[in-house]
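Chains as they are written, first to last, in our numbering: chain A, -11 to 247; chain B, 66 to 268.
For each residue, glycine too, the CB sits at the ideal point set by N, CA and C.
Take a look at the structure below.
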Amino acid sequence: MLRPRVIPCLLVHKGGLVKTVQFSEPKYVGDPINAVRIFNEKEVDELMVVDIDATVRNAEPDYEMIEHLAAECRMPLCYGGGIRTLAQIEKIIGLGVEKVSLSSVCIEYPDIVRQACASVGSQSVVAVLDVKQVAGGSYRVFTHNGTRATDRDPVSLARDLEALGIGEIIVNAIDADGRMNGYDLDLVRLMRPNVHTPMTILGGAGSLDDMEAVIREHGAIGVAAGSLFVFKGIYRAVLINYPMRSRKDEMFERAMAGQ
Amino acid sequence: MIAIVDYKVGNVKAFANVYRALDIPFVIAENPGQLAGASKLILPGVGAFDHTMRQLDASGMRETLDEMVLEDGIPVLGVCVGMQMLARSSDEGDEPGLGWIDGHVVKFRSSAESPLAVPHMGWNDVHPSGRHVLFDGLEQEARFYFLHSYFFKADEASTVLATSAYGESFACAVGQRNVFGVQFHPEKSHGWGSRLLKNFADC
């Protein structure tokens, strides 16, 4: 049986790992390589690393860091941040990363998705949609770490990207980021039935129960989290953590049985 | 000595790290000279079928690999697209494959009646078809990471070493004489993957 994927999402800012709240207030939580080593020990399903400086500063991805991360990871790695060209995508995949995630470039220059799929294969091309609710209650996609609004509706954008061959859609709820109050389940309900690629949900997970709720409704989906896996307790002490395999399996079984 | 074939496609360093951790000697081979003396070969692969075949041709190693595998009988393990390259051909592209195992590569089917999210992405169970040295110690409850839209359809059921289920049952490991292939990523599958790579080194 294909299992749901429980994915820590790490943000890189000024060379260190940080965690944000609603895309602001970055708090330093440690060194990227050290975090990867801990996550190796904990046998995480997959790891997602996003450089939140690269696109905003219009800088090249930090290839040296990416290469170190990829070499260290004993699990699949998805890298995002600052990717604008096919050459960059090919270079990053060549460094040993399994998947690259694209964000603003998917909207400004969607043809890159088609080109990337033809070169590195659909399975390695991921779109991250940073989504926020706007006046009137509808959802819109934002770019540049949530600072720029676009007129794109996340469902129609996801379907366009799917037609271009995208391998996975990561839906990131900006309002829920760092709050640890649970995922935006309405957003998931809006997206999942309308998109046929694998999907991962990010933003708001405060406990494994929050993940279980999404899996119960949607089955083998990816559930990603930042704060949940880097903070412990109500005072948000920095402590890299991840559920044991047995705990995760129990959660999957309960959730899938309840489907 | 295991040679990891580096034709600029796939995660060569991840294999190197696993073998380093296992204390098994390896070499990263970028040209025919560096393949010389290898007793085992790992053929990684990530990307679109035609792209990987062309990259292998461009590496200048193809002829030497053919000789080593087909004439000298040196064991080879193709991984992910590296497994698909072992086939004659693939629905994903026009380039011919290596043709080292009889089979053809096809895409997962998704339809309105039975929708299937493609690519097949994530951790899935792997069921060995019988006893095989590659799956020694992995007979029960082995799970591996998959990331692919196409899979190997073997001409002969006897070459299927293990299956996995996604929409349908498919061959996730094949073997014919000294040629082996796995669709999943052992280099990214924690302890299960290290065990499989160790088994290959020991076989």
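Bounds of the alpha helix (DSSP H) holding Q99(B) are P97 to L100.
A straight line joining the alpha-carbon of T185(A) with that of L(-10)(A) spans about 14 angstroms.
Within chain A, no C-beta atom comes less than 8 angstroms from the C-beta of G125(B); the nearest is roughly 18 angstroms away.
Taking C-beta atoms as the reference points, V119(A) and L175(A) count as a pair closer than 8 angstroms.
Annotation: the continuous beta strand (DSSP E) that includes R(-7)(A) extends over R(-7) to H1.
Contacts with chain B at 8 angstroms (Cβ-Cβ) include T185(A).
What I81(A) touches in chain B, judged by beta-carbon distance under 8 angstroms, is V111 and G112, going in chain order. Neighbourhood of S110(A) in chain B, by CB distance below 7 angstroms: P184 and S214, in chain order. Counting the other Cβ atoms within 10 Å of the Cβ of M239(A) gives 16 or more, which makes it buried. The beta carbon of Q121(A) lies closer than 7 angstroms to those of Y127 and D163 in the same chain, with the five residues before and after it left out. Any Cβ of chain B closer than 8 angstroms to the Cβ of D50(A) would place that residue at the interface, and such an atom is absent.
Beta-carbon to beta-carbon, P(-4)(A) and Y230(A) are separated by about 7 angstroms, close enough to satisfy the 8 angstroms threshold.
For secondary structure counted as the beta strand (DSSP E) over 3 or more consecutive residues, the stretch 174 to 234 of chain B holds these complete runs in sequence order: 185 to 190, 208 to 213, 215 to 219 and 225 to 231. In the three-state scheme derived from DSSP, where H, G and I count as helix and E and B as strand, I107(B) is classed as strand.
For Y215(B), the number of other beta carbons within 10 angstroms of its own is at least 16, and it is reported as buried. CA-CA distance, A59(A) to N82(B), rounds to 7 angstroms. Taking C-alpha positions only, Y210(B) is separated from P251(B) by approximately 7 angstroms. Using a Cβ-Cβ cut-off of 8 angstroms, A79(B) counts as an interface residue toward chain A, since at least one Cβ of chain A sits closer than that to its own. H169(B) carries a strand assignment under DSSP once its states are collapsed to helix, strand and coil. Shortest Cα-Cα distance from G3(A) to any of P14(A), V9(A), R(-7)(A) and V(-6)(A) involves P14(A). Excluding residues up to 5 positions away in sequence, D118, V119, K120, R136, A137, T138 and I162 lie with their Cβ nearer than 8 angstroms to the Cβ of F130(A) in the same chain. Under a criterion of Cβ atoms nearer than 8 angstroms, the residues of chain A adjacent to S175(B) are, in order, H184. Look at the beta carbons and you see the stretch 220 to 235 of chain B touching the stretch 170 to 190 of chain B: at least three pairs across the two are nearer than 8 angstroms. Taking C-alpha positions only, I157(A) is separated from D201(B) by approximately 36 angstroms. Among the CB atoms of chain A, none fall inside 8 angstroms of the CB of Y84(B). In this structure V218(A) touches I228(A) by the C-beta definition: roughly 6 angstroms separates them, less than 8 angstroms.
Judged by their CB atoms, V108(A) and V144(B) are not nearer to each other than the 8 angstroms cut-off. Taken through DSSP and simplified to helix, strand or coil, V24(A) comes out as helix.
Under DSSP, the beta-bridge partners assigned to L117(A) are V159(A). Assigned with DSSP and collapsed to three states, E13(A) falls in strand. Taking A213(A) as the centre and dropping the five residues before and after it, the same chain places the C-beta of A193 closer than 6 angstroms to its C-beta, in chain order. At a cut-off of 4 residues, the continuous stretches assigned as alpha helix (DSSP H) that sit fully inside the stretch 193 to 224 of chain A are 196 to 206 and 215 to 218. Every unbroken stretch of the alpha helix (DSSP H) spanning 4 or more residues and falling wholly within the stretch 48 to 72 of chain A is given here in chain order: 51 to 60. Counting along the chain, the unbroken alpha helix (DSSP H) around T129(B) starts and ends at R127 to D131. With contacts defined by Cβ atoms closer than 8 angstroms, L199(B) and A238(B) form a contacting pair. Counted as a single uninterrupted DSSP element, the alpha helix (DSSP H) harbouring L173(A) occupies residues L173 to M179.
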